[in-house]
Amino acid sequence: MHDTTALLVELGAVILGLGLIGRVAGRIGLSPIPLYLLAGLAFGHGGLIPLDASEEFTMVGAEIGVILLLLLLGLEYSASELVTSLKTQYPSGAVDFVLNATPGAVAALVLGWGPVGAVALAGVTWISSSGVIAKVMTDLGRLGNRETPVILGVLVMEDLAMAVYLPLLTAMLAGVSLAGGSLALVIALGTVGFVLYLALRHGRLISRAVSSDNPEMLLLVVLGLTVLVAGVAQQLQVSAAVGAFLVGIALSGEVAEGARKLLTPLRDLFAAVFFVFFGLSTDPADIPPVLLPAAILAVVTVLTKILTGWYAARRAGVGSRGRWRAGGMLVARGEFSIVIAGLAVATEPRIGPLATAYVLILVIVGPLTARWTEPAAAKIQALRGARSGGAVAEAPPKSAPERRAAAASHDDLTPEPAGEARGD
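All residue numbers for the sequence shown refer to the working numbering, where the first residue is 2 and numbers rise by one.
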């Protein structure tokens, strides 16, 4: 078969398969990410039917997928929102980093992967999946909940931290010296600060220069600018993904809204290609040996993410139920974990299978913890209350204020049906 013909056949089959997979995932209420990864594993090296003709095209499509993921993420936030999150959420961001990056770093060192592997796996276990979490919140009808701004604040802190983490990881993977790594970090911090300054002071001018009433022109200008800046950022060892994220932050208002509508379908297409490509580059035979460490790491980081959300919501004055809901909602890992593993796999090939198994577990467990963490916590606390209530049955009658306080406490622990707006 001619090379071009084989490319078209394979590419058409892949895109059609992704569409069918996405439809199946939607019907069963599951994120399509694990199914995309499984499809890549099935048709990659060591899989059922290797896709050789379209491998190079898929690799380029995967790069574009990462760029579009980060661009759309940047378009969700304005510079003022990021600055506000930095001022109010930095303690929660610090707790999030310590609790969730540490298990990955420790696991990598125990497995003998060295400092570079430790930094990479720390990022895999640290960053929650904004895409999966946003979808789950919408599905459960929790966008109006009091804990939702807390969840979004933690996610914003993670996304902004990527602007520093990714350049540092890229420099370490490139094997640069300590001085080179420090220089890359300084460049990254300077670039982020400069873009935030421009967006805060001159965001309207930037958006006006990019703006166009013609959707075709707007699409071409925004996409071309993003790819160009991503390439320049890659050349400066800052990371193409960070460059795309900063372009998204710099755009605001109607331009950001219009670009988001135009680019969302492209993002979904190329992001799916990216997940498939990651699966294609992982040998399925490498997965079973890492299932146990991936499962242990998943259990540990489920608990640490729940604790992170509980702490962040408590700082914001959210009630007990909202704290547990916030913790359960943050569990899912997805696109960022795969992006980080994709960067590191060339230097530390063993991280690919472990990251794939880890994400497969948590992208499925995440929606379950989002739904059931709060009812489970309420039930456990109710059982404890019942047991302790028996021990204090002979206690003197409470005063009216004490009875009202006890009733409020009991109401705060009563589970509510999923999908109902809550104010605590």
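Using N, Cα and C, we set each Cβ at its ideal position, and we do this for glycine too. Note that this is a predicted model, so its numbers are computed, not measured.
Nonlocal neighbours in the same chain, by C-beta distance under 6 Å from residue i, ignoring five residues either side
i, result
"residue 131", "156"
"residue 287", "354"
"residue 332", "303, 306, 367 and 370"
"residue 127", "101 and 102"
"residue 220", "263"
"residue 15", "none"
"residue 247", "196"
Residue i burial status per 10 Å Cβ neighbour count (16 or more: buried)
i, result
"residue 279", "buried"
"residue 363", "buried"
"residue 198", "exposed"
"residue 215", "exposed"
"residue 394", "Confidence at residue 394 is low in this model, with a pLDDT of 43, below 50, so its placement is unreliable and the value that follows should be read with caution. Residue 394 is exposed by the Cβ-count criterion."
"residue 160", "buried"
"residue 97", "buried"
"residue 29", "exposed"
"residue 258", "exposed"
"residue 250", "buried"
"residue 386", "exposed"
"residue 352", "buried"
"residue 229", "exposed"
"residue 90", "buried"
"residue 125", "buried"
Backbone CA spacing between residue i and residue j [nearest angstrom]
i, j, result
"residue 375", "residue 107", "29 Å"
"residue 324", "residue 163", "25 Å"
"residue 143", "residue 10", "43 Å"
"residue 21", "residue 290", "30 Å"
"residue 271", "residue 42", "17 Å"
"residue 123", "residue 321", "29 Å"
"residue 72", "residue 194", "17 Å"
"residue 37", "residue 67", "15 Å"
"residue 85", "residue 149", "16 Å"
"residue 184", "residue 76", "28 Å"
"residue 399", "residue 389", "The pLDDT assigned to residue 399 is 46, lower than 50, so where the model puts this residue is not dependable; a value taken from the coordinates is nonetheless given after this. Each residue's alpha carbon lies about 16 Å from the other."
"residue 383", "residue 297", "29 Å"
"residue 301", "residue 105", "10 Å"
"residue 329", "residue 314", "12 Å"
"residue 260", "residue 225", "12 Å"
Sequence-distant residues of its chain with Cβ nearer than 8 Å to residue i (five each side left out)
i, result
"residue 299", "359, 362, 363 and 366"
"residue 100", "305, 306, 308 and 309"
Nonlocal neighbours in the same chain, by C-beta distance under 7 Å from residue i, ignoring five residues either side
i, result
"residue 256", "208, 211 and 212"
"residue 295", "355, 358, 359 and 362"
"residue 206", "none"
"residue 316", "92 and 93"
"residue 78", "157 and 250"
Cβ of residue i within 9 Å of any chain D Cβ
i, result
"residue 166", "Chain labels in this structure do not include chain D; a single protein chain is all it has."
Go through the segment 11-44 residue by residue and report every complete run of the alpha helix (DSSP H) that reaches 4 residues or more, in order. Qualifying alpha helix (DSSP H) stretches, in chain order: 34-44.
Just list the beta strand (DSSP E) runs in the segment 115-203, keeping only unbroken ones of 3 residues or longer that don't cross its boundaries, in chain order. DSSP runs (the beta strand (DSSP E)) wholly in the segment 115-203: none.
Which full runs of the alpha helix (DSSP H) of 4+ residues lie inside the segment 343-395, going along the chain? Those alpha helix (DSSP H) runs which fall completely within the segment 343-395 and span 4+ residues are 352-392.
In chain order, each alpha helix (DSSP H) run of at least 4 residues that lies wholly inside the segment 312-348: 321-330 and 336-345
Which whole runs of the beta strand (DSSP E) in the segment 227-267 are 3 residues long or more, in chain order? If we require 3 residues or more, the segment 227-267 turns out to have no beta strand (DSSP E) run fully inside it.
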